[in-house]
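Each residue of the sequence shown is one higher than the one before, counting from 8 in my numbering.
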Amino acid sequence: MDESPSAQTHSRIYTAPRTDVSQNQGKFRIHFNFPGRAVPDHDDHGYGPLATVVESFMDPGTLIRMYQHKNEEIISWVPEGVMRHDDRQGNQLVTDSDHLMVMNAGSGFWHSEETLADDPPLRMLQIFVRPHSLNLEPGIQHEPIPDPVAGEWRHLFGPEGTDAPLSVRNDVDFYDCRLAAGATTTLPSRPGWHTYLYVFDGAVEVGDESVGYTESALVTGDDDVAVTATEDATIVAFSINPDAPVTRQGTIGR
């Protein structure tokens with residue numbers, strides 16, 4: 008019998024503490040979260056097309072000079088503050104709580120990131136998705152996103168053709184939610200897909216498992232799973248097709 012996570016129908020919850028994998032470049036600091044490491048004996052730090060979720064910090068007055076990404080989809084989710092983007096295609100974009108950016112790097116995309124001296128300190132997530140094919144056409148999406156509604160999941164990106172405002176080139180849906188202490192919601196799911204949850208702020212219970220600040224949970228199977236905030240919480244969730252074809256030649260999100 009196949010006991011792999013992708014073969015299960017009843018939900019199982021794997022929790023993971025905050026990782027200790029980080030880089031400190033002074034005014035720019037990053038902390039890596041690897042969804043595949045939640046599952047014992049899983050041979051991939053990523054999970055299907057979701058390679059890694061990076062918690063990024065930029066102090067005011069920080070410039071990350073122009074550099075190139077290849078063969079990965081990079082999503083910038085900024086719940087507070089601003090991240091200023093420039094690229095060789097002439098785009099000068101500001102990503103904040105009202106906008107989401109998806110860089111479909113494909114065969115190669117050069118960009119820089121910056122905060123100005125009078126900007127607030129920035130804490131954001133940079134999400135790396137493995138595309139289904141190598142050397143796709145590069146491009147960028149930058150769109151306004153719906154206002155959040157307390158206690159409801161907001162669908163922000165998904166595979167091409169979904170109703171999300173932005174898209175990535177593989178089978179990953181992304182949602183965020185703000186839950187007041189004591190409030191409960193149901194984890195987003197699709198039949199046959201699995202869900203990775205990351206607690207950006209606060210703490211929650213996923214089923215019977217406690218998941219705290221910057222901790223995560225990977226949920227396999229098709230049962231509905233309740234998420235209850237034990238304190239005011241901001242959470243994100245990724246619905247993932249674990250059997251999607253993936254490439255693993257990204258600049259960062261391998």
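Built from N, CA and C at the ideal position, the CB exists for glycine as well.
- Using a C-beta cut-off of 8 angstroms, the stretch 126–134 makes contact with the stretch 87–102, since at least three inter-stretch Cβ pairs fall below that distance.
- Taking every protein chain shown into account, the CB of R95 has fewer than 16 other CB atoms within 10 angstroms, so this residue is exposed.
- Ranked by Cα distance from G55, the options Q256, A251, R261 are led by A251.
- DSSP, reduced to helix, strand and coil, places A45 within a helical segment of the structure shown.
- Straight-line measurement puts the Cα of G97 at about 32 angstroms from the Cα of N40.
- Nearest C-alpha to S63 among G115, Q256, N248, T221: T221.
- Straight-line spacing of the CA atoms in P145 and Y182 works out to 24 angstroms.
- Taking the Cα positions, R19 is about 6 angstroms away from G228.
- Per the C-alpha coordinates, the member of V211, T258, D215, G260 positioned closest to V243 is V211.
- A direct Cα-Cα distance of roughly 30 angstroms separates V206 from M73.
- Cβ-Cβ separation between L225 and P42: approximately 6 angstroms, consistent with a contact (criterion under 8 angstroms).
- Burial check for P198: the Cβ neighbour count within 10 Å stays below 16, so the residue is exposed.
- When DSSP states are grouped into helix, strand and coil, H52 belongs to the coil group.
- F207 is not bridged by DSSP to any residue.
- Counting of Cβ neighbours within 10 angstroms places G158 among the exposed residues, the total staying below 16.
- Unbroken beta strand (DSSP E) stretches of 3 residues or longer found wholly inside the stretch 150–234: 161–166, 173–175, 179–186, 191–193, 201–213, 216–218, 223–227, given in chain order.
- Looking at the backbone, the Cα of P166 and that of S174 are separated by about 5 angstroms.
- When DSSP states are grouped into helix, strand and coil, N31 belongs to the strand group.
- Of T69, D178, D103, T169, the smallest CA-CA separation from P138 is found for D178.
- Taking the Cα of E238 as reference, the smallest distance to any Cα among T26, I81, D208, S104 is reached at D208.
- In terms of CA proximity to P155, A187 leads the group R36, I134, A187, I147.
- Rounded to the nearest whole angstrom, the CA to CA distance from N142 to D215 is 43 angstroms.
- Distance from the Cα of L123 is smallest, within the candidate group G33, N248, R44, I71, for I71.
- If you compare the alpha carbons of R161, L100, A112, T202 with that of R185, the shortest gap goes to R161.
- With fewer than 16 neighbouring CB atoms inside 10 Å of its own CB, D105 falls in the exposed class.
- For T241, the closest alpha carbon among the candidates M131, F135, G257, R255 is that of M131.
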